[in-house]
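S.K.:
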Amino acid sequence: MRAEIQHLVEETKQSVGLLRRHLDWDTAQRRLAELNAQAEDPNLWNDADVAQKIMRERTSLEDQISAVKRLQQELEDAITLIELGDAEGDEDTIKEGEEAIRGLQAEAARRQVETLLSGEADANDTYVEVHSGAGGTESQDWANMLQRMYARWAERRKYKVELLEITDGEEAGIKSATLLIKGHNAYGWLKTESGVHRLVRISPYDSNARRHTSFASVWVYPVVDDRINIEIKESDCRIDTFRSSGAGGQHVNTTDSAVRITHIPSGIVVACQQERSQHKNRATAWNMLRARLYEAELKKREEKASAEAAAKTDIGWGHQIRSYVLQPYQMVKDLRTGTQSTAPQDVLDGDLDPFMEASLAQRVYGGEAEVEDID
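Residue 260 is where the sequence shown starts when you use this note's numbering, and the numbers rise one by one after that.
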């Protein structure tokens with residue numbers, strides 16, 4: 260076996276071993292057996308809240324245990340395949356085994372990063388807000404590109420994506436949009452994406468083909484489930500209704516079905532126009548407001564404990580977390596971790612995992628890097 264592949268095998272075995280230790284393997288097996296027994300109890304759903312909690316834990320634990328077992332078995336199979344190829348002088352078989360090992364090493368590394376997702380709300384669904392910055396059409400087009408990027412990332416992970424609110428730009432792009440992304444660990448993965456994103460490119464809207472720099476901000480906050488109690492005084496809020504500006508047919512555009520809620524003490528504003536029913540949009544907007552207030556409380560706790568350097572950084576113009584350069588060269592660079600990609604189109608198509616993994620590791624282990632921006 261070639262030295263490079265042998266090194267990948269050792270890395271994969273090490274990652275799988277760390278996954279087993281993180282799970283506390285024997286304890287995890289016993290706990291899963293207990294949860295399976297509870298799931299078969301016909302009286303379980305007499306209390307829906309308890310049942311949902313048990314089923315969530317069961318699904319998560321089952322996924323982690325089965326993943327470790329599968330990684331171990333597929334690694335053994337790939338090693339056997341290479342050994343057979345070596346014995347028979349079959350290069351195609353050897354290459355097949357080596358490709359399998361590369362894929363397993365990447366998955367094991369990703370699974371290891373997921374063990375960092377142990378925050379209070381990391382397992383929850385999440386909202387992703389995108390807002391264009393100053394710069395008119397340029398920034399509005401950039402905001403639209405970011406909205407698409409996160410939707411594509413979610414689709415790659417088989418997460419469900421819903422567009423809750425969108426405000427179109429005057430000529431192109433969007434002024435703002437809110438996505439609801441549903442899937443296990445959705446918030447945990449996306450939480451480090453909050454901040455200002457900078458784009459440098461030759462403007463498609465400039466007849467002189469000049470380079471333009473555009474900014475857009477991203478705000479990520481978790482969906483608050485029934486386990487988390489957030490009290491909001493209705494007297495502290497202003498509720499406005501308005502006509503939907505997005506697509507949706509004649510009915511949507513001729514009724515004041517969209518809802519905006521302003522929480523006066525905090526200044527937080529949320530809006531929803533997804534549904535034709537004002538009642539449904541109002542309910543969703545209240546859930547979004549609860550989530551925003553919860554996220555603000557999480558951030559206060561982080562700052563107080565000094566647990567995460569990222570939590571101390573203001574989310575505002577001039578505090579960009581990542582730069583995307585399309586001309587005169589191709590580069591995406593994270594300004595917190597130094598992670599880079601020379602394939603910006605892949606990143607804009609949702610290839611964000613390397614950036615998220617580096618940011619998560621930095622939050623947990625510290626060691627903030629001094630990173631220079633790119634022109």
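Each residue gets a CB set at the ideal place from its N, CA and C atoms; glycine is no exception.
#1: Between which two residues does the beta strand (DSSP E) harbouring Arg457 extend?
#2: Classify Val309: buried if its beta carbon has 16 or more other beta carbons within 10 angstroms, exposed otherwise.
#3: Please name the residue, chosen from Asp427, Ala410 and Trp412, that lies closest to Ser398 on a Cα-to-Cα basis.
#4: Taking Ala530 as part of the beta strand (DSSP E), name the residues at either end of that continuous run.
#5: Classify Trp412: buried if its beta carbon has 16 or more other beta carbons within 10 angstroms, exposed otherwise.
#6: Please name the residue, chosen from Tyr409, Glu342 and Lys272, that lies closest to Tyr446 on a Cα-to-Cα basis.
#7: Does the region 448 to 459 come close enough to the region 599 to 619 that 3 or more CB-CB pairs lie under 8 Å?
#8: Go ahead and pull the three-state DSSP assignment for Gln589.
#9: Between Val591 and the rest of its own chain, which residues show a CB-CB distance below 6 Å, the 5 nearest in sequence each way excluded?
#10: Please state whether the Cβ-Cβ distance between Glu414 and Val477 is less than 8 Å.
#11: Which residue marks the beginning of the alpha helix (DSSP H) containing Trp304, and which one marks its end?
#12: Pull up the CB-CB distance for Ile491 and Leu439, whole angstroms please, since I reckon it's below 8 Å.
#13: Mapping DSSP to helix, strand and coil, what is Thr396?
#14: Roughly how many whole angstroms lie between the Cα atoms of Lys419 and Ser462?
#15: Indicate the three-state DSSP secondary structure (helix, strand or coil) for Ser473 in the structure shown.
#16: With 16 other CB atoms within 10 Å as the buried threshold, where does Leu340 fall?
#17: Under the three-state reduction of DSSP, which class applies to Glu263: helix, strand or coil?
#18: DSSP puts Phe501 in a beta bridge; with which residues?
#19: Roughly how many angstroms lie between the CA atoms of Ala346 and Met260, to the nearest whole one?
M.R.: Reading it off the structure:
#1: Gly454 to Ile461
#2: Val309 should be labelled exposed.
#3: Asp427
#4: Membership of Ala530 in the beta strand (DSSP E) is indicated by the continuous run Ile527 to Cys531.
#5: buried
#6: Tyr409
#7: yes
#8: coil
#9: Correct list, in chain order: Tyr583, Ser600, Pro603 and Val606.
#10: no
#11: No alpha helix (DSSP H) contains Trp304, which DSSP labels as neither H nor E.
#12: The Cβ separation is near 19 Å, so there is no contact.
#13: helix
#14: 32 Å
#15: strand
#16: buried
#17: Of the three classes helix, strand and coil, the one that applies to Glu263 here is helix, per DSSP.
#18: Ala517
#19: 11 Å
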